[in-house]
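Novice:
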Amino acid sequence: MTEGKLIREFSPVEKLTIDEFKKYLQTVSKLNAIASKIEEWCDKNIWSVIGGSQTEEAKVPFDKLPKEIEKIVVSGLRVEQYKNPYYATNAYAMFVKDFLGIELENPAILVEKLSFGEDLSDINMVFKRTEFMEFVNKVREITDFILKIASELGVKVEPSEVVEKPIHELIEEFIQKAYEVTVGVNEFVTSVWGLRKIMPSYMKKVYGDVPQQALTLLGFKKLLEVKHVELWGFEDYFTRSAVCCMSYCTAGGSCYAYPYLIVNNVPIPSGFRDNLYNYTKDVAEEQRILAEVERLHSLTTLGGAICSLSQTVWSYTRRLSNTLKKWFKEYVNLEIEYVREAWKRLGTLGWRVPEYFFQSRYHDITSYHPYFKEGFVYDENGVIEHVILQEERSCGWYKERPRITLIARILYDLAPAILLGVSDVVLKLRLYGERRFYNEHRYTYTYSDVSRYEDVNAIVVFFRGERE
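Residue 351 in numbering that gives the first Met the number 0 is what sits at position 352 of the sequence shown, and the numbering runs on without skipping anything.
(1) Sort ALA304, PRO65, ASP412 by Cα distance to TRP192 and report the nearest one.
(2) Should PHE462 be labelled buried (16 or more other beta-carbon atoms within 10 Å of its own) or exposed?
(3) Would you please state the rounded distance, in angstroms, between the beta carbons of LYS220 and ILE33? I believe it to be under 8 angstroms.
(4) Starting from LEU301, follow the alpha helix (DSSP H) in both directions and report where the run begins and ends.
(5) Please look up how many angstroms separate the CB atoms of GLU151 and VAL125, rounded, as I've assumed it's under 8 angstroms.
(6) Which residue from THR215, ILE122, GLN310, PHE134 puts its Cα closest to that of ILE17?
(7) Report all residues from its chain with a CB closer than 6 angstroms to the CB of LEU418; omit the five preceding and five following residues, and keep chain order.
(8) Flag this pair as yes or no: are the beta carbons of GLY232 and ARG287 separated by less than 8 angstroms?
(9) Looking at ILE141: is its Cβ nearer than 8 angstroms to the Cβ of LEU308?
(10) For VAL138, which of helix, strand or coil comes out of DSSP?
(11) For TYR206, name the three-state secondary structure that DSSP assigns.
(12) Are the beta-carbon atoms of GLU38 and ARG128 separated by less than 8 angstroms?
(13) Would you report the Cα separation of GLU224 and VAL72, rounded to the nearest angstrom?
(14) Tell me whether the beta-carbon of LYS96 lies closer than 8 angstroms to the beta-carbon of THR311.
(15) With burial defined as no fewer than 16 other Cβ atoms inside 10 Å of the residue's Cβ, what is the status of GLY183: buried or exposed?
(16) By the DSSP assignment, the alpha helix (DSSP H) with TRP350 in it spans what residues?
(17) Assign GLU329 to one of three DSSP states: helix, strand, or coil.
(18) My assumption, with CB atoms under 8 angstroms, is that LEU146 sits in contact with LEU24. Please give the rounded CB distance.
(19) Taking the Cβ atom as the reference point for each residue, do GLU179 and THR316 lie within a distance shorter than 8 angstroms?
(20) What residues are listed by DSSP as bridge partners for PHE126?
(21) Just to confirm before moving on: does the CB-CB distance between GLU229 and MET198 stay below 8 angstroms?
(22) Using a 10 Å radius around the Cβ and a threshold of 16 neighbouring Cβ atoms, would you call LYS324 buried or exposed?
(23) What is the DSSP secondary structure of LYS196, reduced to helix, strand or coil?
(24) Would you kindly report the start and end of the unbroken beta strand (DSSP E) that includes LYS21?
(25) State the DSSP-derived secondary structure class of LEU230, mapped to helix, strand or coil.
(26) With a 10 Å radius around its C-beta and 16 neighbouring C-beta atoms as the bar for buried, classify SER200 as buried or exposed.
(27) Using the DSSP secondary-structure output, state which residues sit across from LEU223 in a beta bridge.
(28) Would you say HIS227 and ALA407 are within 8 angstroms of each other, going by their C-beta atoms?
(29) Could you work out which residue in ALA414, VAL424, ASP423 is closest to VAL205 when comparing CA atoms only?
(30) Does DSSP put ASP423 in a helix, in a strand, or in coil?
(31) Residues in its own chain within less than 6 angstroms of ALA57 by CB, not counting five upstream and five downstream?
(32) Check each candidate in VAL156, VAL59, ASP62, ALA90 and name the one with the smallest Cα separation from SER28.
(33) Would you mind sorting ARG92 into buried or exposed? The rule is 16 or more other CB atoms within 10 Å of its CB.
(34) What do you get for THR181, buried or exposed, if any count of 16 or more other CB atoms within 10 angstroms of its CB means buried?
(35) Using the three-state DSSP reduction, which class does VAL191 fall into: helix, strand or coil?
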């Protein structure tokens, strides 16, 4: 696997052409073919044995294993002395275990039984679904969508073929090809990424005259107009989110917040579902939130799918970082690298975070991105009065209302950071529930840019990455 190389300088409008789109589709087609080949391998060697692709965990008798799996888990195990069986670690089997969740329940016992010629019927193979398998499935689904919609719109590429290879080579090729469709590495993707949320005036300044054919293919359109400000982008990647936020205050005065942020088409953090019921204590409320999350995860445009594919690669390679570092010495976290470069670029342009944000109260949203920050900004008579949060201190309550700022000014001030993806803004917030218990406070928020809310009652501003 070779290291992904971040682009440094390029002209966005030059990359928003049909020819560049076709080049991108060729890469997507190859990635789709590799993902499909890995899934075929799993169908043949795992799902056919354990009873279906929805299985999370399973045990299978050793003598029921396909020959392909048997070779993987047994090769490297050896016996050196008849009376003292020697078990040697099988690195190849460990590789497959880390990525595909297959392993012998007790390799040492298998070696001993083989050395004495004993029956192996009570030896089991253990399977546990891995995040890498989720990663492959998610990428295959998104690339299926991109190729299908592109074909329906009259932009076709020849289907890619992948020759038969050992599974470890397919995995390595998949990871490398996935890097090639990410923001900061692929120039076409980076150009599309900049359009996901943008004001027409700023788009004109940065992109110039973008071919209408390209915008139509991407599904670029006006999504929101509020307070005389328009935002354009892709309807399936426009920031909409459901949030569960728990806040605990101990008797000693220490407060701990555990928020979960779900943005449409960004893979759901593993802790979200696990902790949702513990938070709501209400099955109906849990199902309502999950239904909202599912609604947010549907693809409708090429532009949104292109952004979603890049974010999926970023999210899963970050979650799999320990495994990838273990097996690929060239591994880099492209998301962190991109964010670092984006902040540097903003610095060279003379852009800084507006001073009025420094008075904000921030909370870490570690379940979304470890370097995203959140601040609340409330609406009052067409202007924003930012950072109003109640907090118990010395048995009293207070509110911070430091200053008033126009929505339009906030959007224009943040436009360069939004373009590069180190900041984001959600224009509507609805506090739909608050529960209080003894020494414990729970808040549940819904952030949305969905037009069904008549008025903006808040905006939420996010920053990610450390400012240079």
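Every residue gets a Cβ at the ideal spot worked out from N, C-alpha and C, and that includes glycine.
Specialist: Looking at the atomic coordinates:
(1) What you label residue 192 is simply residue 193 of the sequence shown in a count that begins at 1. Closest option to TRP192, Cα to Cα, is ALA304.
(2) Indexing the sequence shown from 1 puts residue 462 at position 463. So PHE462 counts as buried.
(3) What you label residue 220 is simply residue 221 of the sequence shown in a count that begins at 1. What you label residue 33 is simply residue 34 of the sequence shown in a count that begins at 1. Actually they are not in contact, since the Cβ atoms of LYS220 and ILE33 sit about 33 angstroms apart, beyond 8 angstroms.
(4) Here residue 301 refers to the residue found at position 302 of the sequence shown. Here the alpha helix (DSSP H) through LEU301 covers 301-318.
(5) The sequence position of residue 151 within the sequence shown is 152, counting from 1. The sequence position of residue 125 within the sequence shown is 126, counting from 1. That pair is no contact at about 43 angstroms.
(6) Taking the sequence shown and counting its residues from 1, one reaches residue 17 at position 18. The shortest Cα separation from ILE17 among THR215, ILE122, GLN310, PHE134 belongs to THR215.
(7) Against the sequence shown, residue 418 aligns to sequence position 419. Same-chain partners within the cutoff: GLY193.
(8) Indexing the sequence shown from 1 puts residue 232 at position 233. Indexing the sequence shown from 1 puts residue 287 at position 288. No, the Cβ-Cβ distance between GLY232 and ARG287 is not below 8 angstroms.
(9) Taking the sequence shown and counting its residues from 1, one reaches residue 141 at position 142. Taking the sequence shown and counting its residues from 1, one reaches residue 308 at position 309. Yes, Cβ-Cβ distance for ILE141 and LEU308 is below 8 angstroms.
(10) Taking the sequence shown and counting its residues from 1, the one referred to as residue 138 is at position 139. Of the three classes helix, strand and coil, the one that applies to VAL138 here is helix, per DSSP.
(11) Counted from its first residue, the sequence shown places residue 206 at position 207. Residue state, collapsed to three classes: helix.
(12) Start at 1 with the first residue of the sequence shown, and residue 38 comes out as number 39. Start at 1 with the first residue of the sequence shown, and residue 128 comes out as number 129. Contact flag unset, no.
(13) Looking up residue 224 in the sequence shown gives position 225. Looking up residue 72 in the sequence shown gives position 73. Their backbone Cα atoms lie some 58 angstroms apart in a straight line.
(14) In the sequence shown, residue 96 corresponds to position 97, counting from 1. In the sequence shown, residue 311 corresponds to position 312, counting from 1. Contact flag unset, no.
(15) On the sequence shown, position 184 is the one that residue 183 refers to. Burial call: buried.
(16) For the purposes of this step, residue 350 is taken as the residue at position 351 of the sequence shown. Careful: TRP350 lies outside any alpha helix (DSSP H) and carries neither H nor E.
(17) Here residue 329 corresponds to residue number 330 of the sequence shown, with the count starting at 1. In this structure, GLU329 counts as coil in the three-state DSSP scheme.
(18) Looking up residue 146 in the sequence shown gives position 147. Looking up residue 24 in the sequence shown gives position 25. Right, the Cβ-Cβ distance comes to about 7 angstroms (below 8 angstroms), so this counts as a contact.
(19) For this step, residue 179 is matched to residue 180 along the sequence shown. For this step, residue 316 is matched to residue 317 along the sequence shown. No; because the gap between Cβ atoms is not below 8 angstroms, this pair is not in contact.
(20) Working through the sequence shown from its first residue, we reach residue 126 at position 127. In DSSP, PHE126 forms a bridge with ALA57, ILE101.
(21) Locating residue 229 in the sequence shown gives position 230, where the first residue counts as 1. Locating residue 198 in the sequence shown gives position 199, where the first residue counts as 1. The answer is yes: Cβ separation under 8 angstroms.
(22) Working through the sequence shown from its first residue, we reach residue 324 at position 325. Exposed, by the Cβ-count rule.
(23) Within the sequence shown, the letter at position 197 stands for residue 196. Looking at LYS196 - three-state DSSP - the assignment turns out to be strand.
(24) Walking along the sequence shown from the start, residue 21 turns up at place 22. Looking at the DSSP string, LYS21 is not in any beta strand (DSSP E); the run it does join, the alpha helix (DSSP H), is 17-41.
(25) For the purposes of this step, residue 230 is taken as residue 231 along the sequence shown, with counting starting at 1. Strand.
(26) Taking the sequence shown and counting its residues from 1, the one referred to as residue 200 is at position 201. SER200 is exposed by the Cβ-count criterion.
(27) Residue mapping note: residue 223 aligns to position 224 of the sequence shown, counting from 1. Note: LEU223 sits in a beta bridge opposite LEU230.
(28) Counting from 1 along the sequence shown, the entry for residue 227 is found at position 228. Counting from 1 along the sequence shown, the entry for residue 407 is found at position 408. Contact: yes.
(29) Mapped onto the sequence shown, residue 205 falls at position 206. Checked all of ALA414, VAL424, ASP423; the closest Cα to VAL205 is ALA414.
(30) Taking the sequence shown and counting its residues from 1, the one referred to as residue 423 is at position 424. If DSSP states are grouped into helix, strand and coil, ASP423 belongs with the strands.
(31) Position 58 of the sequence shown holds residue 57. Only ILE49, PHE126 meet the Cβ criterion.
(32) As a working note, residue 28 is residue 29 in the sequence shown. That would be VAL156, whose Cα lies nearest to the Cα of SER28.
(33) As a first step, residue 92 is located in the sequence shown; it is residue number 93 there, counting from the start. Residue identity differs from the one stated: residue 92 is Ala in this sequence, not Arg. ALA92 comes out buried.
(34) Mapped onto the sequence shown, residue 181 falls at position 182. Flag for THR181 reads buried.
(35) Numbered from its first residue, the sequence shown carries residue 191 at position 192. Residue state, collapsed to three classes: helix.
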